[in-house]
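Heads up: the structure comes next, in structure tokens.
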Amino acid sequence: MKYNKEMQIQIQLKQLVITNPIKKPKYEYLLLTCLFINKVKLFIRKIYFITEHLNKIKRVQYFERIYHRRKSKIQ
């Protein structure tokens, strides 16, 4: 399975948490930070997707209005 860089870092941090009980809190904190950053990235992607979708809808509505105006002028 091919992992991206973020997943590799998370896996390394999990291994560090397991192997180093003394520094466990520090590594757990880093791991949680990585997970939080990933969640934020996913959220931003969703917002971007939704806004793109809404922009497409607005664009289509705009062109439909122009089309109907031109159609009514011709008749």
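Just so we're aligned: the sequence shown equals residues 22 to 96 in our numbering.
For glycine and all other residues, C-beta sits at the position ideal for the given N, C-alpha and C.
Go ahead and label residue i buried or exposed: buried means 16 or more other beta carbons lie within 10 angstroms of its beta carbon, across all protein chains shown.
i	result
Leu34	buried
Met28	exposed
Met22	Legend: pLDDT at Met22 = 48, less than 50; position of this residue unreliable, no value from coordinates given.
Can you tell me which of the options puts its alpha carbon nearest to the alpha carbon of residue i?
i	options	result
Leu53	Ile30, Thr72 and Leu75	Ile30
Checking 8 Å against the spacing of the C-beta atoms, do residue i and residue j come in under that value?
i	j	result
Leu37	Tyr50	no
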